[in-house]
C-alpha cells in the first residue's frame, strides 16, 4: 500500500477470531486506527509501516486471547496506544519501532500472566507509559530502548512479574515516580544509561522480591525516596551503580532479607536518610562503595537477628550516626574503611548475649568516632586496626570487646576522660581481663604525653593479672602478695615508693624504742664490743637494712624489744628486697 491505511473509528469483527489480519503487509504511509473498536485479534506481525501506527483511543476486545499482535513488525514512526482500552494480550516481540511507543493512560487487562510481551523489541525513541493501568505483567526482556522509559503514575499488576526487563538496554533514564505495582519488578542484568527514579513508588510483592536489580548496571543514580515503599525485598546482588539515594523510604520484609546487595559496586555513595526505615535485614557482604555509606537518620528493624550484615565492606566513609537506630545487630566483620567511621549519636539495641555491633577485624584508615547515644548489648572491635580512636566520657560507659584491637592514636573527644573511667571501661570488656589491651592503651597514652595515667593503667593491669591467675585456693595468698607489691613498689613501676616505706619504718621503730618503759637500754642486753651509748635510730637502721652492719647486733633485745626487732628484720628484708629487685628490673610484669 503506497499511501495511508485508514481505519479511524471503524468497528472490526472477525469470524475466526481475527478482527484485522494485516500480517506481512507493507504500508508506505501511516496505519491509522485511532478510535477503532475491534472484537478479535488485530494482527500486524511481520508488517512494515513506513510511518506511524496509531491505535490511540481504541477499544480492542479479545478476552483470553491476543488483542494486538505485532511481532517482528517494523514501524518507521511511533506506535501509539494512548488512552486505549485493551481486553487481551499485546504481543510485539522482536518488533522495531523507529519512534516512540506510547501507552499513556491506557487500560490493559489480560487473562494470562503477561499483558504486554515485548521481548527483544527495539525502540529508537521513548517508551511513554505514564498513567498506564495494566492487569498482567509487562515483559520486555532483552529490549533495546534508545530514549527514556517513562512510567510515572502507572499501575502494574502482574504475578509473578509486574515488570520484567531482564537484560534490557535503556540508553537514558527510567522515570517511574508514583509507580504502583503488585508483583516483582525485575531488571536482572539490565543496563540503564541514566537514572532509575522510583520516587514515591509503591512496590508490593509480600514475602518475596519486590524489586530485583541483580547484576544491573546503572550509569547514574538509583533514586528511592519521597514516599518510596516496598512490601517485599530489594535485590541488588552484583549490581554496578553510581549512587543509591534513599530519603524517607520504607522497605518491609520483616524477619527476612529486606535488601540483598552482596558484591554491590557503587562509584558514588549509599545514602539512607530522613527517616528511611528498613524492616528486615540489609546485606552488603563484600560490597564496594567508592564514596560513603551514610545511614544517618535511618532506622533498621530486625530485632531477633542481624539488621545490617556488611562483612568485607569496602568504603571511604561509614556514617552510622545522627539518629541512626538499629534494632538488631550491626555486623561489619573484616570491613575496610579508608577514612572516617562515625558512630556519633546513634542507637543500637540487641540485648542479651549477642553483640549490638560486631566489627571484628575491621581496618579504619582514619578516625573511628565512638560516641553512640544509647546501646543495649556489646560492641566488639576485637582484632581491629584503627588509625585514630576517638571517644567521649558518655561513650565509654558502653562495654566494648577490645581483644587484639590496635589503635594508632587515642583521642578523647570533647570532655576529659579520667583514668578511673578508662580503667572501668577496660574492665567491662566482655572478653575478660587481657593484659595486651591494658598495655596497648597505656602505650597510646604515653604517645599522647599522659605518662602518669599510663603508669596507673599498667599498675591496675598487673594487679588483675596476679589476682586472677592460679587456683581458687591460692588466690587469697596471691591477692595479699599482690597488695603488698602494689603498695610498696607498685609492681616495679614506682620502685622509690619502697624507700619511703623504709624511711617511715625506721622512723617509727626509732620512736617506738625511745618510748619503751624505763628507756630502751632496759630492754637490751649489752654484749662485749657493743657500740655505746645505745642509739635507737642506729639500731633501727641496723635491723631494717640487711646490707648495713653498724654493730648493733651486739645489743640483744629482750621482751617487747625482741618483738619489735623481729618485725623490723622481717619488714626490712621484704622492703629492701623489693627495692633492689625493682631497681634491677627483676619484677615479672605483664608489659
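Numbering (the working numbering), first residue to last: 2 to 592.
The C-beta atom is built at its ideal place from N, Cα and C for all residues, glycine as well.
As the structure is a computational prediction, the values presented were derived from the model and not from experiment.
For residue i, does the count of other Cβ atoms within 10 angstroms reach 16, so buried, or fall short, so exposed?
{"i": "residue 547", "result": "exposed"}
{"i": "residue 6", "result": "buried"}
{"i": "residue 400", "result": "buried"}
{"i": "residue 37", "result": "buried"}
{"i": "residue 457", "result": "buried"}
{"i": "residue 512", "result": "exposed"}
{"i": "residue 345", "result": "buried"}
{"i": "residue 504", "result": "exposed"}
{"i": "residue 519", "result": "exposed"}
{"i": "residue 25", "result": "exposed"}
{"i": "residue 303", "result": "buried"}
{"i": "residue 589", "result": "Confidence at residue 589 is low in this model, with a pLDDT of 46, below 50, so the placement of that residue is unreliable and no value is reported for it."}
{"i": "residue 521", "result": "buried"}
{"i": "residue 554", "result": "exposed"}
{"i": "residue 352", "result": "exposed"}
{"i": "residue 564", "result": "exposed"}
{"i": "residue 587", "result": "Interpretation of residue 587 is limited by its pLDDT of 44, a score under 50 that renders its predicted location unreliable; no figure is taken from the coordinates."}
{"i": "residue 245", "result": "buried"}
{"i": "residue 255", "result": "exposed"}
{"i": "residue 3", "result": "exposed"}
May I ask you to list the residues that DSSP assigns as paired with residue i?
{"i": "residue 247", "result": "225, 273"}
{"i": "residue 49", "result": "27, 75"}
{"i": "residue 267", "result": "242, 290"}
{"i": "residue 32", "result": "6, 54"}
{"i": "residue 232", "result": "205, 253"}
{"i": "residue 80", "result": "54, 102"}
{"i": "residue 22", "result": "44"}
{"i": "residue 305", "result": "DSSP output for residue 305 lists no bridge partner at all."}
{"i": "residue 278", "result": "251, 300"}
{"i": "residue 97", "result": "75, 123"}
{"i": "residue 70", "result": "44, 92"}
{"i": "residue 213", "result": "187, 236"}
{"i": "residue 162", "result": "185"}
Are the beta-carbon atoms of residue i and residue j separated by less than 8 Å?
{"i": "residue 95", "j": "residue 80", "result": "no"}
{"i": "residue 528", "j": "residue 562", "result": "no"}
{"i": "residue 332", "j": "residue 357", "result": "no"}
{"i": "residue 261", "j": "residue 237", "result": "yes"}
{"i": "residue 77", "j": "residue 52", "result": "yes"}
{"i": "residue 284", "j": "residue 308", "result": "no"}
{"i": "residue 249", "j": "residue 231", "result": "no"}
{"i": "residue 97", "j": "residue 123", "result": "yes"}
{"i": "residue 560", "j": "residue 524", "result": "yes"}
{"i": "residue 157", "j": "residue 138", "result": "yes"}
{"i": "residue 42", "j": "residue 10", "result": "no"}
{"i": "residue 272", "j": "residue 240", "result": "no"}
{"i": "residue 432", "j": "residue 404", "result": "yes"}
{"i": "residue 68", "j": "residue 87", "result": "yes"}
{"i": "residue 104", "j": "residue 142", "result": "no"}
{"i": "residue 184", "j": "residue 161", "result": "yes"}
{"i": "residue 335", "j": "residue 366", "result": "no"}
{"i": "residue 179", "j": "residue 211", "result": "no"}
{"i": "residue 443", "j": "residue 459", "result": "yes"}
{"i": "residue 73", "j": "residue 89", "result": "no"}
Find the nearest neighbour of residue i within the set the options, judged by alpha-carbon distance.
{"i": "residue 216", "options": "424, 264, 8, 183", "result": "264"}
{"i": "residue 144", "options": "208, 191, 169, 392", "result": "169"}
{"i": "residue 221", "options": "174, 566, 106, 507", "result": "174"}
{"i": "residue 292", "options": "267, 274, 233, 313", "result": "267"}
{"i": "residue 117", "options": "565, 9, 135", "result": "135"}
{"i": "residue 350", "options": "204, 108, 376, 368", "result": "376"}
{"i": "residue 71", "options": "104, 325, 390, 54", "result": "54"}
{"i": "residue 340", "options": "386, 382, 300", "result": "386"}
{"i": "residue 205", "options": "213, 182, 196", "result": "182"}
{"i": "residue 226", "options": "187, 241, 176, 240", "result": "176"}
{"i": "residue 274", "options": "405, 298, 4", "result": "298"}
{"i": "residue 573", "options": "434, 538, 502, 270", "result": "502"}
{"i": "residue 159", "options": "131, 110, 120", "result": "110"}
{"i": "residue 92", "options": "172, 47, 451, 430", "result": "47"}
{"i": "residue 391", "options": "378, 379, 423", "result": "423"}
{"i": "residue 381", "options": "62, 510, 359, 398", "result": "359"}
{"i": "residue 462", "options": "290, 449, 428", "result": "428"}
{"i": "residue 194", "options": "149, 155, 164", "result": "149"}
{"i": "residue 207", "options": "257, 324, 164, 347", "result": "257"}
{"i": "residue 537", "options": "556, 531, 514", "result": "514"}
Is any beta-carbon of chain B found at less than 8 Å from that of residue i?
{"i": "residue 148", "result": "Given the protein chain composition of this structure (a single chain), no chain B is represented."}
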